[in-house]
Every structure is written in structure tokens, then in C-alpha cells.
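Participant: Handing you this structure, nothing more for now.
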Amino acid sequence: MENKNEIFSQRLVKAVLWNIVLQTLLAALLVFVIQVNPLHPLSWIISTFHDIFSWKMCLNVVLLGLVSFFQAYVYGSYYTIQRPKNFTRFSIFLNTFTMQNIIFGILYSLNGYFAMSLYSSLAGSNYNVLKKKCEQYDGQCLSEQSLFLQFGGMWMGLYYFLQVHIFGTTVLTFPHIYQEKLQQIKLVVSHIISTGFRKSFVPVLYFCIFYYLWGSKPRNVVSDVYSLYLEDPPLDNVVIMLTTGIYIGLWFYTSLFFISVYTMRTIFNIVLTEPMKFPIESDNKLTLCNALAQTSKFNKYLAALDLKIMSMTDANRRSEIFILSQPGGHPRNWNNLLEKCMSIINEFNKELDIIHGDGSAGEPDSSYSIQLKNTGTNASSLTSSLYSSPLRNMAQSPQLLLLKDHNKNKTDDTFSNAVKEEFNNFIQRLCQKPGISYFFGELTDTRLKFLLIQSQPLVWTCEGLATIVAASLKEDKYGIVQSDLPVVITALINLKQKLDKLIKPGLVPRKHFVNDGFALRLRSALISSVKRSLYKIVITFSKFIHEIPLEHEIQMAIQPFLFCKEP
Amino acid sequence: MSIFQGFPELPGAEDTPLCVVNEIYCCANSRYGNISTFTNATKNHPKINVTKDIQHHKISDENVSLYVDVEDKLLKKITSVWYKQGFLDALSVAADPSINRDSPFLAITASYVLKIANLVTSFRYFIQPHLKDIGPKIVSKYSRTRNWSTAPIKCIAWHPHTTKIAVATADDNVRVYCSEVSFVSTLKCKAQGHVSSLSWRPYSASELAVGCEQGVIVWTVDPNSMFTKPSSSNAVVLKRSGHSPVTDVSWSPNGDLLVSCCGADTSMLVWDVAMETAVPLRRVAGGGIVFARWSLDASRIFAATSSIIFRVWDTQNWSPERWCARGCRVVTACWGPKEVVLFAAKGEPIVYALCNMGLLSGAQTTKAQPVLDVTKVELPSGDIVGGPILDTCWDPTGRYLAILFEESYLVAIFCTTQLMMQMKITPCCFVCGIDDEMPTTMAFQKNFTEGACLTIAWSSGRLQHFPIVYG
Chain A
1 MENKNEIFSQ RLVKAVLWNI VLQTLLAALL VFVIQVNPLH PLSWIISTFH
51 DIFSWKMCLN VVLLGLVSFF QAYVYGSYYT IQRPKNFTRF SIFLNTFTMQ
101 NIIFGILYSL NGYFAMSLYS SLAGSNYNVL KKKCEQYDGQ CLSEQSLFLQ
151 FGGMWMGLYY FLQVHIFGTT VLTFPHIYQE KLQQIKLVVS HIISTGFRKS
201 FVPVLYFCIF YYLWGSKPRN VVSDVYSLYL EDPPLDNVVI MLTTGIYIGL
251 WFYTSLFFIS VYTMRTIFNI VLTEPMKFPI ESDNKLTLCN ALAQTSKFNK
301 YLAALDLKIM SMTDANRRSE IFILSQPGGH PRNWNNLLEK CMSIINEFNK
351 ELDIIHGDGS AGEPDSSYSI QLKNTGTNAS SLTSSLYSSP LRNMAQSPQL
401 LLLKDHNKNK TDDTFSNAVK EEFNNFIQRL CQKPGISYFF GELTDTRLKF
451 LLIQSQPLVW TCEGLATIVA ASLKEDKYGI VQSDLPVVIT ALINLKQKLD
501 KLIKPGLVPR KHFVNDGFAL RLRSALISSV KRSLYKIVIT FSKFIHEIPL
551 EHEIQMAIQP FLFCKEP
Chain B
568 MSIFQGFPEL PGAEDTPLCV VNEIYCCANS RYGNISTFTN ATKNHPKINV
618 TKDIQHHKIS DENVSLYVDV EDKLLKKITS VWYKQGFLDA LSVAADPSIN
668 RDSPFLAITA SYVLKIANLV TSFRYFIQPH LKDIGPKIVS KYSRTRNWST
718 APIKCIAWHP HTTKIAVATA DDNVRVYCSE VSFVSTLKCK AQGHVSSLSW
768 RPYSASELAV GCEQGVIVWT VDPNSMFTKP SSSNAVVLKR SGHSPVTDVS
818 WSPNGDLLVS CCGADTSMLV WDVAMETAVP LRRVAGGGIV FARWSLDASR
868 IFAATSSIIF RVWDTQNWSP ERWCARGCRV VTACWGPKEV VLFAAKGEPI
918 VYALCNMGLL SGAQTTKAQP VLDVTKVELP SGDIVGGPIL DTCWDPTGRY
968 LAILFEESYL VAIFCTTQLM MQMKITPCCF VCGIDDEMPT TMAFQKNFTE
1018 GACLTIAWSS GRLQHFPIVY G
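Chains A and B are the protein sequences, given in the same order.
So that you can map any letter, position 267 of the first sequence is 267 in my numbering, and since no number is skipped, the others follow by simple counting.
So that you can map any letter, position 33 of the second sequence is 600 in my numbering, and since no number is skipped, the others follow by simple counting.
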């Protein structure tokens, strides 16, 4: 599909424009503050305007534009492409040295370098050129302070890159309520400025230590290359560094750099996470169901969020789900939506099975999904006869599909598959050897973490689906949702039981312990949302719960929800 | 003519009202009378009486004198004060010449620093006068509970789906009473002090948000667990600097968001509890947000500030509609069906209704109009009723409205009917306590199917269930 990332790229362009505007404003403010002259306010304002419309500022804007486009590219590559799943120590290690990361590292350090020289030139200091006229000799001398600053800028860019992209987890976090953009920026500005100044202490300290230990090398290299004289006492001396006070300058410019990067990140976050309304039915636009089914991570997030918001607040679009298609009378919208939601839930279930599978025997888990399939098809064929003609039933007979599936499986079972399987077994056995297993063995907690970090759309999908189902009691005139109640309840109960295994003390193997605050919080959010969804359905249908054709086990599992006994 | 003249007469001195069954006001002897002679609707309800002896010992200002003073070294004294009460108090200890006799240099330095700090704080109070009161003072100023600081029951909350009630007592413990099981879970942790409000999470059996001085504590009380004192590992403390003390917490009716308000903070926080993140909602003017109420369909939030301004937030795009009360701040508000909100201003005996007139005029216009005048009158029996409103409570179906008055010991219950966007309020009955009990706080049960059940906490620590049964 060509328009897959259209929404994303449109938003990126929007974010870049927003970013340039805001950063220019910040730079103008900086100039205004630096040229403070309260005794002569008129000259203060004039000189500010003079500087704002000077070539430096233009260069700054152009550079900002470049930097933001580059940042947009970074975001684009992080959020639209499905990231490779690395679950072994070796591949995680290898993955930090990809071409992409190296390019990003270089770009970030260049960014830091330019930002530093720009801010220092805007601030009107004379530390933005490496050369200066010697005082004692005739010729050019090295200005070590400016070397220190520019080198520091590169360091800061690299530091930020390492901190955020290598050691941090890059996940687009959607705020749980979305206010107007300007309001959000207003709320966040003071926080950005204070964190910028606070967080720049540590890297400046690191850099000073680094320069103290290694500072002589870059100095010698630069003075050799430009054939400059060394006149001032060297900076890699504690006393001299302290007396020149250059570290204060570095701290100030680093803070400005951090503020600028944080602002950029915040703006991207604000613009990218804006909720979007997808139509339920449309010929030329991307519909909610199609967006839910897309592999593009970003669209899936937006669609799931929209499903939740729509189910809770938008009665008009909700009613569109409950209508029958005009020629034919199929509940096409609902069936489509249900199918997409079920595939999201079942996919997650499958992943959880794999994680549970290597802790315990895989047998009971795989039977779950079969069970689910059976109950799903049974229920739909059983109840669909209530309102649709048998003819249509045959056309979409699930048994037929199953039959086809069965045949396919049989033909696939050839010699080459057997060899492949044998080879895989050999690899697996090899991987279990102690030394090899350390590097090449699969890390369960990383897999679980990866799974949990991506679970946000699932949270919204569960809540949205449950709210639609609950609303159907009053709004669904044809009773189309009720026929699929068993499918929804069964899927949610299965998901809940699998998630419970993750938190039951004693049942969780040591290696499943996820040592990551964000993933842990998402796990509890997921469990809480699944339980709430079940409660919502069960409480809404509590009077009719015994009339829903459910498997005995599922019926047992919903009893605690019915009596409000499920914690 | 006062509306109170339409009420049925109060029972005699020996009797107490117990319930209303099919519009018949049932009273019985206060000592021997039993509600089960009239109705079985509240037969399984937990019987609650918070007496002094079930409360836990608490260090308060009165019993602190019981402890013997120990003479500590100066440095130890200062550090302990710093640890317990903060930097400024430590400074004042250091500056106090009666305590600090050993090092006059330290005393002089401390006194100068203290002067500067006082200047800064007085300047801050000049800019933000709502910050002047501290901690419990703010809570007791804005609480809808009568005599919040001394009442044995500070607040109560019914569970939305099951017969379960949480009661916050004077010792800052929260007790959870259930209809099926006889034992009581007592929730207490170190951070839980000066409890101001309670709220059960909808679509969950176990989660209870407790608003207290430090922030919001969200407890998960496993209904199957037999522990009477769940450990504090079941609690999550949500706090943010500047957002203390919390004066009100309320869950959205969908159960996904939690709103916490603080009388000293101009922004109200919307929490995603599982992710432990909060988004502040703030607009210029109005001072601290005292309380917030979600409408029944979660589409709006009524937020009252400590000034005459109140706002109605739209939860779709999170933008507010600003209103000004006449005279004084809004003291209480409650939502009913069809997006109607009833509210009352402090010190005024009038209930206003804010209804959405969109259906009639075609445009989205809302308008506030007085719907009930409860000016103070003396009943024929000599009792005084009416006057400034302390708290109002509307039952979830929107049929009964209970009002608590500042200067009366009667609880007045009214019948409310909404016909063609017109609110009609008619008298129902009074509830009075035994002897000289005063009502402190009240709440309607949320899952009562036989009618409406008002639970009233009396100043004696007794909790009364007053059912209104019909059909």
C-alpha cells in the first residue's frame, strides 16, 4: 500500500515546521535576554532586532531546519519500520553498531558542534573561532577555549545520542488525554528549561574529566593541522580550567543545546501523537479497520487510540458500526472490526504462548488457541443462523476455510521441511551449550520486554472493543454484536489468563522478571485494562450472562467478574 | 411559602426515621426500633459504628505532651527537626537563642538566613495568596464534611457495582466493609495522612483511590484475601510537587482516568494510574481547584475553584467553559442524568441547575437557573432547617436529592423529576439523628436496585442506611 506512511510523513513535516518556529522564538528570546540593558531599553530592543535579522540568525534558522529534518528522518526510521527482534546478547551487541546508528551518532555530534558554535556566536562571545592573533608573537595562535567549547559540543551530541537512542527505549508515548497543542507547549516549556539546565551538569563534568585526561591530543592535532602557535597556558590543568571559568560557558551552552533538543523531541511527540478520526466506512480514505490491520506501527497506534476514543465519546460513528450494509444486510462494519481486533489480541496471545512455552510444556498453551478458534467458529455459525439465511452461511462457512487450511498443511509436509527441522533442532541443541548459550541463547526477558513495550495498541483495542460491546446493549438494534459476544469474552479471558501467569508469584520463573520500569508499568496497564474490559462486558450483560453460549471453562472464569471478586 | 412546609412531620423525641417504603415515612423508637420490620432491602448491609476504641492510637497535638522531653545535642536536634519538619523549622531552631546556647555564630547566621527566607515566602504569598494555609487547614477549609478535623468519620464512598463501602476514620485508616463477609479490611500506610476523599474505581472490584495530604494513594484490596491489614505493597502513591494536600479524587465513570484536585494547586491532575503519569489541566485565574465531579457519561467534568470561578471541562478536546458563581465559591455539585448538574455556592441557601439546553434551541447553550430555595425556617416542631448548604447528594437514577445544611442537624431529602428539561423538586422527608447527633457526611449507594439508599455518617460515629424503597 502506497499511502501507508502518508499520515506519518504529513505529521513529520508539520512537526518540523512547528519546531522551526518555536526554536526561532527561543533563539530570539535568548538574544533578547543576553543583550539585557535595562537602562537603555530602546537601544536594547534595537540591538535585539538587529541581531535577530542578522545573517547569524538566518544561518541559525537554516541550520535548525536541517537539524529538524534530520530528526524527522530519525523518527521516521524508528517508528515506521518494524524493528528487528533481537533476543540474544550477541545480536543486541551487534545491533548497536549498525550503519544507521553510526550515521546517527555522527549527525548528532555535528548537530551538537553547530549548535554550540551558533549559540556562542548569538551570545556574542569570541569563542567561536579557533584562531586568534597572537599577543606575543607575530602570527596566528590557537584559542583553546573555543576548541574546548566546540569539542564539548560534539561530546554533548554524542552523549545525548547514546543516552536516548542506545541506552534508552525509543517508544512514542501517547499522552492519555490530548489537549490543544499550544496548551501542551505552554505547560511543558518551564519543565523543559529547568530539566535542560539540570541535566547538563553531568555531561559537562564528564567532559571536563575527559579533557583533563585526553585534552592535550586534540589540541596538538589541531595546532599541527592549522600550524598555530600555543600561547596560553594549556586547559588540561585543573587550576587553569577553574580560573578561566570556561566550564561555566560550556554548561550554559550545553543547557541551551539540551533545551533545543528536548524542545524538538517534545514538539515531535505532541504533533505525532495527536489523535486522529478514521471513518468507519469510506471509499477513498483509510478506514478504521484497515488502519488497525496495517503493519505500520504508527498507524496501528493511531487506529487503536481512535477505536478507544470513538467507543467512549463518539455516538455517531458507533452507530455506524451497528448498521447492516445496505444491499445484502451484512453487519460488515462490525465483522470487519471484530476480525481486526481479534487478530491483534490473538497475535499477542500467540507471542505470550511462545514466552510461556519455553518455561513449561507447550502443550496446554497451543490447545488454548485451537480451542479459541473452535469456539469462535462454532459460536458464529451457531448464532449467525438466527438472523441470516443459510445460503450466505455456506458462502462464508468457516468449516470450508478450515478444510482448506488442513489441506495446505498436508502438502507443506515435504522432505525439505524435515531437513530444515532437523537443522533447526541441531542449532537449538548447539545453542544450549553453556558458553554459546550466553551469547547466542535467546533472552526471555528481552523478548517479554519487547512484547510488553509494544502492547499499548492492545490496551486501547481491549478497552475500545469492550466499550463498543457494552454500548451495543442499548444501541445495537439488530443484535449483531450479541452473536459475537462469546468470541470477545473467550478471547479476553484467554488473554487475561495468560497475563495472570506473568504476575503470579511463584509461578513466574526468575528469568521472566522484567527489569524495566516502563515495561512493568505497561504490563500493569495491560492487565488492568483487560480486567476492566471484562468487567465492563460482564456487568453490562450480567442479567443475560447465562444465555450467552460459552464454554464451561470460560463460564467458570467469568464467575468472579460477575460477583465482583476478581481483584 | 417555604418548601419545607410540604415535608411530613418529624417523629417525636423518642423516635427516629428509619426508611421510606412506598412513599410511607417509617419511624420507630430510636432504641428498640428495627428497620427490618419495614423492609429487608438493607438486611445484608454492613452495620458500622466507628467508636473511639476501634480507632488506632495516633500522635496528634493533644497527646504529644505525654512524652517526656529528652535533652539532645544541638546538632542532633537540628537534624531531627530538619528531617521531620523541614529546612525552615530547622533554621528557626538554630536561630532560637533559648535552644541554641552553644554557638552564637550559628544562631546569628541562621537568623539572617531565616529573615531572607521569610521575605521570600511573604513575597510568594503576596503573589499566590491561596498557598498561605498549609496541609490539614486547607483540607478542613474546603471539605464538605462537617467538622472534618474532629469528626470520627471523615468520608465515605460506596462501590459502584457491589455492596461495599469504604469509610475513612479520624485515625486516617480506611476501613472497607462488605455485605457478604464479616471481616473488615483496614488500609493504612505511612503516607496516608489527613484523608480528604475516597473513590472506588468503576469496572474494578478492588481499586480504591484515597486522597490525602501527600498525594493520591491507590489501594488494590483483593476481595478474596483474608488479610485484615493489607500491606502497603498493595498501594501505589501518586504524588507531584506542588500538588498537596489533595482535597478531592474521582475516577472517571469509564474507570480509565483519575482526577485529583488540590486546594493549593491551580491545576488539576488527570492520572493514568497504571503508567503513573499525570497531565495537568490548568487555566488562568481562579486559584486552587477544590473538587471535580465527572458527569455520569464521562463527557464533562465540573471543577470548582477556591474563588467564584468554576469550570465545566469537555472531555473530548479537554477545553473548559468558564462560569462565575454569584457571591461565593461553589461548595458542592452533583451530576444527574441528561447532563444536568446541580450546585450550590457557599453560604447561600439556593440550589442552581446547569442544564444543557442544546435540544431546545438547537445551539449548544447552557444556562444556570435557581431550582430550589432552602432559606432557613423553623418547623412547627421547633426544629430549624435550611440555610447555607454544606453538601448535596443526588442518587444515581436522579430521583432523590439529599441536602446537608451548615446550621441544621436535619438531612433533607427531596424528590426530583426532570420533565421536558424542567427540573421539578418536591419534598420527600427529613432524617434526623438520635439525641443530638449531627450529620457529618453522606452518600447514596450506587447499586441499590430497589430504589435509593442514602448512607449518613453521624457525629457519634454511627453510620445509618436510610433506604427509600418503592414498588
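We put the CB at the ideal spot given by N, CA and C, even for glycine.
#1: Out of curiosity, what's the CA-to-CA distance linking residue 446 of chain A and residue 351 of chain A?
#2: Please name the residues in the segment 762 to 795 of chain B whose beta-carbon is closer than 7 Å to at least one beta-carbon of chain A, in chain order.
#3: Per DSSP, which one or two residues make a beta bridge with residue 527 of chain A?
#4: Please decide whether residue 822 of chain B counts as near chain D, where near means a Cβ-Cβ distance under 7 Å.
#5: Can you tell me which residues form a DSSP beta bridge with residue 996 of chain B?
#6: According to DSSP, residue 208 of chain A sits in a beta bridge with which residue or residues?
#7: Between residue 855 of chain B and the rest of its own chain, which residues show a CB-CB distance below 7 Å, the 5 nearest in sequence each way excluded?
#8: Helix, strand or coil for residue 404 of chain A per DSSP?
#9: Check the Cβ of residue 737 of chain B against every Cβ in chain A and list those closer than 7 Å, keeping chain order.
#10: Measuring alpha carbon to alpha carbon, tell me which residue in B:885, B:982, B:977, B:994 is nearest residue 584 of chain B.
#11: Quick one: is residue 312 of chain A near chain B, going by C-beta distance under 7 Å?
#12: Quick one: is residue 1012 of chain B buried, meaning 16 or more other Cβ sit within 10 Å of its Cβ, or exposed?
#13: Just list the beta strand (DSSP E) runs in the segment 899 to 964 of chain B, keeping only unbroken ones of 3 residues or longer that don't cross its boundaries, in chain order.
#14: Report yes if the C-beta distance between residue 720 of chain B and residue 1007 of chain B is below 7 Å; otherwise report no.
#15: Run through chain A and tell me which residues come within less than 7 Å of residue 729 of chain B, C-beta to C-beta.
#16: Going by DSSP, which residues form a beta bridge with residue 844 of chain B?
#17: Per DSSP, residue 968 of chain B is paired with what?
#18: CA-CA distance, residue 283 of chain A and residue 589 of chain B?
#19: Inspect the beta-carbon positions of residue 972 of chain B and residue 954 of chain B and report whether they are closer than 7 Å.
#20: From residue 804 of chain B to residue 740 of chain B, what distance separates their C-alpha atoms?
#21: Using 7 Å as the limit for Cβ to Cβ distance, is residue 536 of chain A near chain B?
#22: For a contact defined as C-beta to C-beta under 8 Å, what are the partners of residue 842 of chain B on chain A?
#23: I need the boundaries of the beta strand (DSSP E) containing residue 881 of chain B, first residue and last residue.
#24: Can you name the residues that DSSP bridges to residue 799 of chain B?
#25: State yes or no: is the C-beta of residue 547 of chain A within less than 7 Å of the C-beta of residue 322 of chain A?
#26: Tell me, which residues are paired with residue 1034 of chain B by DSSP?
#27: Please confirm if the segment 1026 to 1037 of chain B is in contact with the segment 599 to 609 of chain B, defined as three or more CB-CB distances below 8 Å between the two stretches.
#28: Since residue 885 of chain B is in the alpha helix (DSSP H), which residue starts that stretch and which ends it?
#29: Using a Cβ cut-off of 8 Å, which residues of the segment 873 to 899 of chain B contact any Cβ in chain A, in chain order?
#30: In whole angstroms, what separates the C-alpha of residue 869 of chain B from that of residue 91 of chain A?
#31: Under DSSP, the beta strand (DSSP E) around residue 13 of chain A begins and ends at which residues?
#32: Closest Cβ-Cβ distance between residue 832 of chain B and chain A: below 7 Å?
#33: Quick one: residues in its chain with C-beta nearer than 8 Å to the C-beta of residue 821 of chain B, no 5 flanking neighbours on either side, listed in chain order?
#34: Along the chain, which unbroken stretches of the alpha helix (DSSP H) at least 4 residues long are found entirely within the segment 229 to 295 of chain A?
#35: Per the contact definition of three or more C-beta pairs closer than 8 Å, is the segment 48 to 60 of chain A in contact with the segment 23 to 33 of chain A?
#36: Would residue 179 of chain A count as contacting chain B if we go by Cβ distances under 7 Å?
Facilitator: From the atom records:
#1: Rounded to whole angstroms, residue 446 of chain A to residue 351 of chain A spans 13 Å at the Cα level.
#2: Listed by position, the residues of the segment 762 to 795 of chain B near chain A (Cβ gap below 7 Å) are 770, 771, 772, 773, 787, 789, 790, 791.
#3: Looking at the DSSP assignment, residue 527 of chain A forms no beta bridge with any residue, so it has no partner.
#4: Protein chains A and B are contained in the structure displayed, whereas chain D is not.
#5: According to DSSP, residue pairing for residue 996 of chain B in a beta bridge involves B:980.
#6: None; residue 208 of chain A has no bridge partner.
#7: Here the set comprises 697, 829, 830, 831, 832, 833, 872, 873.
#8: At residue 404 of chain A the pLDDT is 46, less than 50, meaning the model places this residue with poor confidence and gives no usable figure here.
#9: What residue 737 of chain B touches in chain A: nothing, since even the nearest Cβ is about 28 Å away.
#10: Nearest of B:885, B:982, B:977, B:994 to residue 584 of chain B, Cα basis: B:977.
#11: With 7 Å as the cut-off, residue 312 of chain A counts as an interface residue toward chain B.
#12: Label assigned to residue 1012 of chain B: buried.
#13: If we require 3 residues or more, the beta strand (DSSP E) runs fully inside the segment 899 to 964 of chain B come out as 908 to 912, 917 to 923, 933 to 940, 956 to 961.
#14: At the C-beta level, residue 720 of chain B and residue 1007 of chain B come within 7 Å of one another.
#15: Those are 564, listed as they occur along chain A.
#16: The partner list for residue 844 of chain B (beta bridge, DSSP) reads B:839.
#17: Residue pairing for residue 968 of chain B: DSSP places it in a beta bridge opposite B:961, B:981.
#18: In this model, residue 283 of chain A and residue 589 of chain B are separated by some 58 Å (Cα to Cα).
#19: Taking C-beta atoms as the reference points, residue 972 of chain B and residue 954 of chain B count as a pair closer than 7 Å.
#20: Whole-angstrom Cα-Cα distance: 15 Å.
#21: Using beta-carbon distances, residue 536 of chain A counts as an interface residue toward chain B, with a partner under 7 Å.
#22: Those within 8 Å of residue 842 of chain B in chain A are 176, 521, 522, 525.
#23: Run containing residue 881 of chain B: 876 to 881, per the beta strand (DSSP E) assignment.
#24: Bridge partners of residue 799 of chain B: none, in fact.
#25: In this structure, residue 322 of chain A does not lie closer than 7 Å to residue 547 of chain A by Cβ.
#26: DSSP output for residue 1034 of chain B lists B:1020 as bridge partner(s).
#27: Judged by Cβ distances under 8 Å, the segment 1026 to 1037 of chain B makes contact with the segment 599 to 609 of chain B, as three or more pairs qualify.
#28: No alpha helix (DSSP H) holds residue 885 of chain B; DSSP gives it neither H nor E.
#29: In summary, the residues of the segment 873 to 899 of chain B whose CB is separated from some CB of chain A by less than 8 Å are 882, 883, 884, 885, 886, in the order they occur in the chain.
#30: Residue 869 of chain B and residue 91 of chain A: Cα-Cα distance of roughly 53 Å.
#31: Premise fails: residue 13 of chain A lies in the alpha helix (DSSP H), 6 to 34, not in any beta strand (DSSP E).
#32: By the rule that beta-carbons nearer than 7 Å mark a contact, residue 832 of chain B does not touch chain A.
#33: These residues qualify, in order along the chain: 769, 770, 865.
#34: The segment 229 to 295 of chain A contains these whole alpha helix (DSSP H) runs: 238 to 244, 246 to 272, 288 to 293.
#35: Counting C-beta pairs closer than 8 Å gives three or more between the segment 23 to 33 of chain A and the segment 48 to 60 of chain A, which meets the contact rule.
#36: With its beta carbon less than 7 Å from one in chain B, residue 179 of chain A belongs to the interface.
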